[in-house]
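Protein chains in written order, with my numbering: chain A, 418 to 571; chain B, 6 to 291; chain C, 551 to 1337.
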Amino acid sequence: MNVSITINGTVYERDIEPRMLLVHFIREELGLTGTNIGCDTSQCGACTIHMDGRSLKSCTCLAVQADGREITTIEGLADGDNLHPMQEAFWDNHGLQCGYCTPGMIMASTAFLKDNPHPTEEEIRHALEGNFCRCTGYQNIVKSIKAASEKMGG
Amino acid sequence: MSMRPANFDYQRPTSLSEAIQLLANNDEAKALAGGHSLIPAMNQRLSTPEQLVDIGRLDELKGISTNNGTLSIGALSTHAQIAASSDVRTHCAALATATGLVGDPQVRNWGTLGGNLAHADPASDPPTVVLAAGGTLHLQGPNGTRSVSADNFFIDLFTTDLQPGELITRIEIPSLQGKKNAYVKLAHPASRYAIVGVCVVLEMNGNECVSARVAVGGATPKATRSPSAEERLTGSSLQVAAVDAAAEALVNDIAGDVMGDLFAPEDYRRAMAGVYLKRAVQAAMA
Amino acid sequence: MGTRIFGSGIRRREDPRLITGQAKYTDDMVLPGMVHLAMVRSPHAHARIVNIDTSAAEAMDGVIAVYTGEQVTLNPLPCAWLIPDSDLITPEHPAVAVEKVRYVGDAVALVVAETRYQAEDAADAVRVEYEVLPAVVNPEAATRAGAPQLHDDVPNNIAFRWVASSGDEGVEQAFAEADVVVKERIVQQRLIPTAMEPRSAFAQWNDAAEELTVWYTTQNPHIHRFVLSGVTGVPEHKLRVIAPEVGGGFGSKIPVYADEALTAWVAMQLNRPVKWTETRSENYQVTIHGRDHIEYVELAAKNDGTVTGIRGTVYAGLGGYLSTAGPGVPTILHGLMYSGAYTFPNIRCETIGVMTNTTPVDAYRGAGRPEATFLIERLMDKMAKALNMDPVELRRKNLIPPFENGHDVAIGLTYDSGNYEAALNKALEIVDYDALRREQAEARTKGRYIGIGVSTYSEICGLGPSQVAGAVGFQGGLWESAIIRVSPAGKVQAMIGASPHGQGEETTFAQLISDELGFPVEDIEIVHGDTNQTPMGWGTYGSRTTPVAGAALVLAARKLKEKARAMAAHLLEAAVEDIDYEDGKFFVKGSPDNAKTIQEITLMATVAWDLPEGMDPGMEESQFYDPPNFVYPFGAHIAVVEVDPETGIVKLKRYIAVDDCGPQINPVIVAGQVHGGIVQGIGQALFEGAVYDDNGQLLTGTMMDYTLPRADDFPNFELDHTVTPSPHHPAGIKGVGETGTIASTPTVYNAVIDALQPFGVEQIDMPLTPSRVWQAIQESSSNRGGD
């Protein structure tokens, strides 16, 4: 089936099997491997992207469902050479170690801040319900998101 | 050992009637709404439908509105939309709570209420609320439209009154504005599904509870009402003894049906149904 | 002089590629002509393979080859920790099961196809007929008469019995003469490491050159080259192992698995690049698990609280086959830890290693040492209760007094340095322990159940002297090496044999070099993970990268510094002993204005126009480093929990960690290591546990069932530290990768049991899930007459 999906501002047209998951479309068809896969049951959140501005686990969506939609992946978050404030905050606050969950964490938390620009620490912890990290104990991830919210919210 | 669905035929009808036709023509077809129950099952190859009928773009199934005090929620409304809807917060706060507790933020962004109810996972949150709130499901199928009360819709584990080719089009909930209502949940720490979820709807006249509806999910194979608990609460002033009695009644009502698993054995779930009833009453009255 | 780079919490140099999605993990690799491998795995825990029909799979779209075990020509997988003083039997571990499968997930066939979707379709189509056999999953039950036998050559499923003892007579006497003995049966439940990146391998065979390159998710590429060479027959000089970005390991990426070897083998058969990546469900079934002990332990003491002896018998589950380091974990890394931070004079540990129809067990973060620390700290709390002493006082009474250069413990180790009471005091001060106890007592009067847990620990890390490795049967060395190479323009590449995968050594090691030589951090690149680019090293595990590889690096840097000093003396026409160094500059004592920078010296040494007599050109040094001893970090942790008695839900309210890993190169990174360790340890106490049913089916086979800690399970941790340098490390550094995991499990467990004192609850098996806590409260309440 032919699909046309806008990813990070570029329109990609491909003929794909309907069963192809969006995450495989992104990683394997387009070679955008920043979006990682950490589970097979829609739990871990490593594959989180934005679809039409909202966070989505791209393993829980067929590429055909994304036909005609706008996707942002971790590769499209920065503005050219200028990191997104959330990326900067993860770097500044040691919000990552092995980095595997990081793209999903950053995509989930940037989407979260759109809904809740001034979250409390507790709200941040709750908002990470759909994202696992095995390295950081979440401590510095929470700190990073808090820092980003303060920077972005002015 | 897969995380890749088996092959299927994919159809994306442009109208509800076309969708119903497609589903009616193929017993092995499944409707795809948000996909947040179906795709995980397909990834594991626990579900291998021959055909997927993608109803996700049908505008006829979208939108949240109120009509003469009745809340009308299009089947494709996402959990996040419902949780954030001021109409839902006003008219059925418990549903806003419950949809805000489904899965995680990403799941709530794309999972739909219609898909959720049709899937009828006993551990899911919305069925319990729709049942306690006295909701009605509007269905459309090859033989036209009909409505089914939530009391009659949920039949068993993953089993509903939906007939082949039928789809949920919208869900109506009578306004609970003025009634106390709440949903509380003990979540499985890994799956985030409900070990126990309890919804209460209490109509108060001063200190007296003049009517009560109580439903429990998670613990039982389907969202289940508890007539005995409702009876204990009705006519009471929700004093500790009455609520305790209602909790005990709820536990007795579901006693034979309680499911157990590794994380929450039967006796624990049974006890928690009572505890969470008390907490639901507390939350409703807070 | 500016702020010293050593000790500065600079931002990590790894991060830009990771936060932008530019990092390349193994599964991200692509080569032209690449094909995909999927495994057909046994759904049974114990069965004979009667027949495998691959015909349907072979006929499917895109399928290139299907192989069964009989066709695979790899050598069996070796067990590489052959513990001495035991009767260890190492049953054969074929890469693909041929006659029998021994756990759910044991591979029985391989499918290769053009796409991964096709490979999975075809794997589903391979028909395997099994004769199902009875299974056994409990390591104690597996040793009983009549239990199902996994391997013909392992009678009663006992792979070994191993004993460590300070002297059996003394131990017997201590227990016979004790005033009080407390006992516990501890189930150290199985844990699933769950590195966020699943395992993956990508292999390329160059037929003409007969060279094999394998990218894979490993913590120790050099060990893997060594072993993979033996398994595949490709000689080491023709075999290149590359660990690209690796998404966490926690021990699970140490062992040599069949899958990576099979990926390489298929690449050699087909002469095409082959990729294999496990799904998470596969990871839970096939990648090693940790812990799995059933322990009978006891502690003896005098009435004044002096502990006189500790002993234990451990049934250690090893899984269906012996994993690479499997036998060493519940023995060497466990029994030798029984002294903890204390002066216990009599110690004995007996471990019975048992084969069961389960996923192989190997090193998971802490590996043997968390299990030991747990039982010690658990018994200490139990003893405090029996003696009616405060648990802190009992610990204080038995702590090893401060020492700076060596302390012998009864089990035969020599700890390097420690000041345990200082760490304990600091932690107690942070929480105001006495006030906390008063708060707890007051809360109880209001029906609120707060619990306080305190642990003091010492651990062995920085594995370790190679001579010891040999003596304990580890089939390799434990030294590390480093090469520091400075380019003519003064840019530094440092090659290390260790293989960090999240720990941040690209940053901390650059700080070490910068601190020694004055090159700015941004001019230093740490090269790791590629056997063709790095010198030999034994890998990143056991909190050893900084203690061992870091020491090699510091010593290499100091060699360069001496060369630079000699060169400076030559250029400044002064005697070497008159040359001072500060901040990257060399100058004659008292004349800092007339200095030669390290960059100028490098250039002159590299062009070599005018070298001092006897000096070789270039600025490059290499250093091997075999540590003289382990390092022994330590600390004190305190947890405050509240239990909801109606639901059994445990809420962690505060967590305080005071750790001592010696001087910290980068305190932000150290804190990150501690944070993650604490959460994994608390994961064991409260959430995690792999469970098999009696048929050997893994009931916690996905992330839907196996509970990983989440962000909202935790408060902000309160961290502090003391600094007690290791006397033998050139920079005084101890490791910190495992401390959090080692300390936090007993700390939180003890806090929960403390909270439940009013109910008389003494013991609950981990994890302390709400239903288990609730059940324990119910049972105790009913025992006490329904109070």
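Glycine included, each C-beta is placed from N, C-alpha and C at the ideal position.
Asked                                                                                                                                                                                         : Found
Measure the alpha-carbon distance for residue 188 (chain B) versus residue 57 (chain B) and round it to whole angstroms.                                                                      : 33 angstroms
How would you label residue 151 (chain B), buried or exposed, when you count the other beta carbons within 10 angstroms and need 16 or more for buried?                                       : exposed
For a cutoff of 7 angstroms on Cβ pairs, would you count residue 566 (chain A) as touching chain B?                                                                                           : no
Look up residue 1067 (chain C) in the DSSP assignment and say whether it is helix, strand or coil.                                                                                            : helix
Drop a sphere of 10 angstroms on the beta-carbon of residue 551 (chain C), count the other beta-carbons inside from all chains shown, and report buried for 16 or more, exposed for fewer.    : Since pLDDT at residue 551 (chain C) reaches only 48, below the 50 mark, its modelled position is unreliable, and the value read off the structure follows with that caveat. With fewer than 16 Cβ atoms within 10 Å of its Cβ, residue 551 (chain C) is classed as exposed.
Going by beta carbon distance, what residues of the same chain come within less than 6 angstroms of residue 1057 (chain C), once the five residues before and after it are set aside?         : 562, 563
Which same chain residues, not among the five before or five after residue 280 (chain B), have their C-beta less than 6 angstroms away from its C-beta?                                       : none
If you measure from the beta carbon of residue 16 (chain B) to each beta carbon in chain A, is any gap under 7 angstroms?                                                                     : no
One question on the structure: do residue 768 (chain C) and residue 803 (chain C) come within less than 7 angstroms of each other, judged by their Cβ atoms?                                  : yes
Using the Cα positions of residue 16 (chain B) and residue 34 (chain B), report the straight-line distance between them to the nearest angstrom.                                              : 10 angstroms
Given residue 74 (chain B), which residues of its chain have a CB within under 8 angstroms of its CB, disregarding the five upstream and five downstream residues?                            : 96, 179, 180, 182
Taking the alpha carbon of residue 662 (chain C) as the point to measure from, which residue in C:700, C:789, C:614 has its own alpha carbon closest?                                         : C:614
At 4 residues or longer, what runs of the alpha helix (DSSP H) sit wholly inside the segment 1050-1131 of chain C?                                                                            : 1055-1067, 1101-1121
Tell me which residues share the same chain as residue 276 (chain B) and place their Cβ nearer than 6 angstroms to its Cβ, disregarding the 5 neighbours each side in the sequence.           : none
Please classify residue 1159 (chain C) as buried or exposed, where buried requires at least 16 neighbouring CB atoms within 10 angstroms.                                                     : exposed
Beta carbons nearer than 8 angstroms to chain B: which residues of the segment 658-673 of chain C have them?                                                                                  : 666, 667, 670, 671, 673
Is residue 220 (chain B) close to the ligand NAD? I mean its beta-carbon at under 6 angstroms from any heavy atom of the ligand.                                                              : Looking for the ligand NAD in the displayed structure turns up nothing, as the structure carries no ligands at all.
For the pair the segment 997-1010 of chain C and the segment 1045-1061 of chain C, tell me if three or more CB-CB distances fall below 8 angstroms.                                           : no
I need the straight-line Cα distance from residue 554 (chain A) to residue 893 (chain C), nearest angstrom please.                                                                            : 33 angstroms
Whole angstroms is fine: what's the gap from residue 445 (chain A)'s alpha carbon to residue 750 (chain C)'s?                                                                                 : 15 angstroms
Taking DSSP as the reference, what is the three-state secondary structure of residue 1011 (chain C)?                                                                                          : strand
Since residue 1241 (chain C) meets chain B, which of its residues come closer than 8 angstroms, beta carbon to beta carbon?                                                                   : 267
Suppose you measure from the CA of residue 147 (chain B) to the CA of residue 153 (chain B); what does that come to, to the nearest Å?                                                        : 16 angstroms
Just the chain C side, please: which residues come within less than 8 angstroms of residue 11 (chain B) by C-beta, in chain order?                                                            : 671, 674
In whole angstroms, what separates the C-alpha of residue 627 (chain C) from that of residue 1245 (chain C)?                                                                                  : 26 angstroms
Using a C-beta to C-beta distance shorter than 8 angstroms, which residues of chain B count as neighbours of residue 481 (chain A)?                                                           : 15, 17, 59
List the residues of chain C that residue 456 (chain A) touches, going by C-beta distances under 7 angstroms, in chain order.                                                                 : 830, 1253
Can you grab the Cα-Cα spacing for the pair residue 788 (chain C) / residue 1081 (chain C), in whole Å?                                                                                       : 11 angstroms
Does DSSP put residue 1029 (chain C) in a helix, a strand or coil?                                                                                                                            : coil
Between the alpha carbons of residue 186 (chain B) and residue 287 (chain B), how many angstroms are there, rounded?                                                                          : 10 angstroms
With DSSP as the reference, please indicate the residues paired to residue 794 (chain C) in a beta bridge.                                                                                    : Answer is none; residue 794 (chain C) lacks a bridge partner.
Which residues in chain B have a C-beta closer than 7 angstroms to the C-beta of residue 1153 (chain C)? List them in chain order.                                                            : Going along chain B, no residue has its Cβ under 7 angstroms from residue 1153 (chain C), so there is no contact; the nearest lies around 54 angstroms.
Just mark residue 959 (chain C) as buried or exposed, buried being the case when its beta carbon has 16 or more other beta carbons within 10 Å.                                               : buried
Specify, as a first and last residue, the run of the beta strand (DSSP E) that residue 157 (chain B) falls within.                                                                            : Residue 157 (chain B) -> not in any beta strand (DSSP E); alpha helix (DSSP H) instead, spanning 155-158.
Return the chain-ordered list of same chain residues with a C-beta closer than 6 angstroms to the C-beta of residue 1335 (chain C), the five sequence neighbours on each side being excluded. : Confidence is the limiting factor: at residue 1335 (chain C) the pLDDT is only 43, short of 50, which leaves the residue's position unreliable, though a coordinate-based value still follows. Cβ neighbours of residue 1335 (chain C) beyond the five flanking positions: none.
Looking at residue 242 (chain B) and residue 213 (chain B), is the spacing between their C-beta atoms short of 7 angstroms?                                                                   : yes
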